[in-house]
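**Q**
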Amino acid sequence: MPAAFFERRVHPRTRQQLPPLSPLLNVISFIIHCNNILNLMTGPAPELKTIAFRLNQRRIRAVKSLYEKTIAFVLQYIDEQKLREGDQLPTEAQLSALAGVSLVTVRRALSELSSQAVVRREQGRGTFVARPRVKAETTKIGGLRNGLHLDARSKLQTRVLSCDARACTEEEAKRLGLSAAATVWEVSRLRLLNKQPMIWESSVIPKILAPDLAGYLNGSDKRSLYDLLDEVYGLKEAREEQTLVSRPALTREHELLDLMSFEWVVEVSGVSFSARHQPIDAFRMVFVAKSFAFRLETAPTFFVEAVEVIDAQRARKAQ
Numbered sequence: 016m017p018a019a020f021f022e023r024r025v026h027p028r029t030r031q032q033l034p035p036l037s038p039l040l041n042v043i044s045f046i047i048h049c050n051n052i053l054n055l056m057t058g059p060a061p062e063l064k065t066i067a068f069r070l071n072q073r074r075i076r077a078v079k080s081l082y083e084k085t086i087a088f089v090l091q092y093i094d095e096q097k098l099r100e101g102d103q104l105p106t107e108a109q110l111s112a113l114a115g116v117s118l119v120t121v122r123r124a125l126s127e128l129s130s131q132a133v134v135r136r137e138q139g140r141g142t143f144v145a146r147p148r149v150k151a152e153t154t155k156i157g158g159l160r161n162g163l164h165l166d167a168r169s170k171l172q173t174r175v176l177s178c179d180a181r182a183c184t185e186e187e188a189k190r191l192g193l194s195a196a197a198t199v200w201e202v203s204r205l206r207l208l209n210k211q212p213m214i215w216e217s218s219v220i221p222k223i224l225a226p227d228l229a230g231y232l233n234g235s236d237k238r239s240l241y242d243l244l245d246e247v248y249g250l251k252e253a254r255e256e257q258t259l260v261s262r263p264a265l266t267r268e269h270e271l272l273d274l275m276s277f278e279w280v281v282e283v284s285g286v287s288f289s290a291r292h293q294p295i296d297a298f299r300m301v302f303v304a305k306s307f308a309f310r311l312e313t314a315p316t317f318f319v320e321a322v323e324v325i326d327a328q329r330a331r332k333a334q
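Numbered per the numbering used here, the sequence shown spans residues 16 to 334.
(1) Among L191, Q96, V121 and E100, which has the Cα closest to the Cα of E107?
(2) Start and end of the alpha helix (DSSP H) containing G230?
(3) Sort out for me which residues DSSP pairs D296 with in a bridge.
(4) Looking at I220: is its Cβ nearer than 7 Å to the Cβ of D296?
(5) Could you name the residues that DSSP lists as bridge partners for I214?
(6) For L193, which residues from the same chain have a beta carbon less than 8 Å from its beta carbon, with the 5 sequence-adjacent residues on both sides left out?
(7) Got a sec? Which residues, its chain only, sit under 6 Å from L39 by beta carbon, not counting five neighbours each side?
(8) May I ask you to report which of helix, strand or coil DSSP gives F143?
(9) Which residues in the same chain have their Cβ closer than 7 Å to the Cβ of L176, if we skip the five residues on either side of it in sequence?
(10) Based on Cα-Cα distance, which residue from Q96, L208 and Q131 lies nearest to A167?
(11) Indicate whether E216 and M275 have their beta-carbon atoms separated by less than 7 Å.
(12) Assuming F307 contacts A145 under a Cβ cut-off of 8 Å, what Cβ separation, rounded to an integer in Å, is found between them?
(13) Jot down the residue ranges of each uninterrupted alpha helix (DSSP H) in the segment 241-275, minimum 4 residues, whole runs only, in chain order.
(14) Counting only the same chain and skipping the five closest in sequence on each side, list residues whose C-beta sits under 8 Å from that of K155.
(15) Is F277 buried or exposed, if buried means 16 or more other CB atoms sit within 10 Å of its CB?
(16) Go ahead and pull the three-state DSSP assignment for T173.
(17) If we call anything under 7 Å between Cβ atoms a contact, is L118 one with S129?
(18) Only counting the same chain, and skipping five residues up and downstream in sequence, which positions put a Cβ closer than 6 Å to that of K84?
(19) When you compare the CB positions of P147 and E100, do they come within less than 7 Å of one another, or not?
(20) Tell me the residue span of the alpha helix (DSSP H) that contains K97.
(21) Which same chain residues end up closer than 6 Å to Q172 when comparing Cβ atoms and leaving out the 5 residues on each side of it in sequence?
(22) Give the range of the beta strand (DSSP E) segment to which R136 is assigned.
(23) Can you check whether the CB of V283 is closer than 7 Å to the CB of L259?
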């Protein structure tokens with residue numbers, strides 16, 4: 016026991032000597048002192064816990080990043096080697112060596128790609144490309160299906176997320192030729208290809224052109240948006256102006272399209288016009304980049320002119 020506990024005590028301010036503690040009190044003080052030391056050594060240390068938590072989080076993020084980079088590597092390999100449906104990928108060991116990661120990481124990456132139907136894993140045979148990129152021609156007039164080259168096995172589904180009326184923005188008013196704060200429909204739809212979310216579409220349509228559009232889209236009518244605009248409201252699309260941009264996916268797109276953190280999307284935005292050059296809708300389509308190959312083709316001038324002539328003839332007959 017330290018001798019300091021048996022020495023005469025000194026008042027901290029006056030420095031006058033105090034009467035000595037009894038031996039029992041000395042023992043109790045020593046026990047309390049030892050207990051405090053043990054608490055400091057073994058008790059909770061918030062600063063250390065915080066540091067450990069941060070280090071653990073960094074380790075988790077690093078593992079996740081490595082796993083996602085391996086998926087990106089496999090997708091890039093398929094593209095660079097021009098592998099088609101049915102072509103075999105290198106073995107797991109070869110991919111591990113090429114990507115510089117462990118076999119566990121490769122297997123996890125291939126499992127994820129298999130769940131997305133990008134690759135097909137066969138016991139005892141290997142891993143094969145399950146599907147090629149879908150060829151998309153967004154410049155084709157009409158609904159989305161017209162612009163996708165789908166085989167007989169592919170099933171395209173539409174899920175209407177919302178159809179809400181609101182005041183248009185300044186930019187939308189300019190693009191659609193509307194007065195400031197005119198009312199528009201904002202239609203949000205999710206397209207699923209073989210049950211996988213692939214495209215997120217949003218359309219802004221002047222409410223004056225389709226006053227009760229929400230009733231059709233929110234009801235039991237199964238027609239596509241462009242079929243409704245044509246057959247119900249006489250708004251037949253004749254041409255589009257488009258802008259195509261490739262960019263990293265945003266938070267909302269990650270959620271809707273079930274994307275990983277590193278994935279990119281292709282955004283196609285523009286305005287649809289009728290044969291009379293009337294703006295019908297301002298649209299935006301967000302495609303999962305890894306799943307599509309885009310083909311663009313310009314329409315000859317005489318085709319647009321022919322549409323205008325036919326439309327003029329129909330107008331004269333109606334009179």
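Virtual Cβ for every residue (Gly too), placed ideally from N, Cα, C.
In this text, all values refer to a predicted model and were calculated from it rather than measured experimentally.
**A** Let me lay it out:
(1) By 1-based counting over the sequence shown, the position of residue 107 is 92. Among L191, Q96, V121 and E100, the Cα nearest to that of E107 belongs to V121.
(2) One-based indexing of the sequence shown puts residue 230 at position 215. That run of the alpha helix (DSSP H) goes L228 to L232.
(3) As a first step, residue 296 must be located in the sequence shown, where it is residue number 281. According to DSSP, which records beta bridges pairwise, D296 is partnered with S287.
(4) For the purposes of this step, residue 220 is identified with residue 205 of the sequence shown, where counting begins at 1. For the purposes of this step, residue 296 is identified with residue 281 of the sequence shown, where counting begins at 1. Their beta carbons are under 7 Å apart, which means I220 touches D296 by this criterion.
(5) Counting from 1 along the sequence shown, the entry for residue 214 is found at position 199. R206 and F302.
(6) By one-based count along the sequence shown, residue 193 stands at place 178. Excluding sequence neighbours, L193 sits near C183, E187, V199 and P221.
(7) The sequence position of residue 39 within the sequence shown is 24, counting from 1. For L39, the predicted structure reports a pLDDT of 49, less than 50, and the residue's modelled location is therefore unreliable. A value from the coordinates is still provided. Excluding positions up to five away in sequence, the list is empty.
(8) Along the sequence shown, read from residue 1 onward, the residue named residue 143 stands at position 128. DSSP places F143 in strand when its eight states are reduced to three.
(9) Mapped onto the sequence shown, residue 176 falls at position 161. Excluding residues within five positions, the ones whose Cβ falls inside 7 Å are S203, R204 and L205.
(10) The residue labelled residue 167 in the question sits at position 152 within the sequence shown. With distances taken between Cα atoms, A167 lies closest to L208.
(11) Residue mapping note: residue 216 aligns to position 201 of the sequence shown, counting from 1. Residue mapping note: residue 275 aligns to position 260 of the sequence shown, counting from 1. In this structure, M275 does not lie closer than 7 Å to E216 by Cβ.
(12) Counting from one through the sequence shown, the residue named residue 307 turns up at place 292. Counting from one through the sequence shown, the residue named residue 145 turns up at place 130. The pair is not a contact, with the Cβ atoms about 15 Å apart (cut-off 8 Å).
(13) 266-272
(14) Sequence index remark: in the sequence shown, residue 155 carries index 140 (1-based). Only N161 and G162 meet the Cβ criterion.
(15) Numbered from 1 along the sequence shown, position 262 holds the residue referred to as residue 277. Result: exposed.
(16) In the sequence shown, counting from the first residue as 1, residue 173 sits at position 158. If DSSP states are grouped into helix, strand and coil, T173 belongs with the strands.
(17) Here residue 118 refers to the residue found at position 103 when the sequence shown is read from its first residue. Here residue 129 refers to the residue found at position 114 when the sequence shown is read from its first residue. Contact flag unset, no.
(18) As a first step, residue 84 is located in the sequence shown; it is residue number 69 there, counting from the start. Excluding sequence neighbours, K84 sits near nothing in its chain.
(19) As a working note, residue 147 is residue 132 in the sequence shown. As a working note, residue 100 is residue 85 in the sequence shown. Contact flag set, yes.
(20) To locate residue 97, count along the sequence shown from 1; it is residue 82. First-last for K97: undefined, no H or E at that position.
(21) Here residue 172 refers to the residue found at position 157 when the sequence shown is read from its first residue. Answer for Q172: L207, listed in chain order.
(22) Against the sequence shown, residue 136 aligns to sequence position 121. V134 to E137 is the span of the beta strand (DSSP E), which, as asked, contains R136.
(23) Along the sequence shown, read from residue 1 onward, the residue named residue 259 stands at position 244. Along the sequence shown, read from residue 1 onward, the residue named residue 283 stands at position 268. Cβ distance < 7 Å, so L259 and V283 count as in contact.
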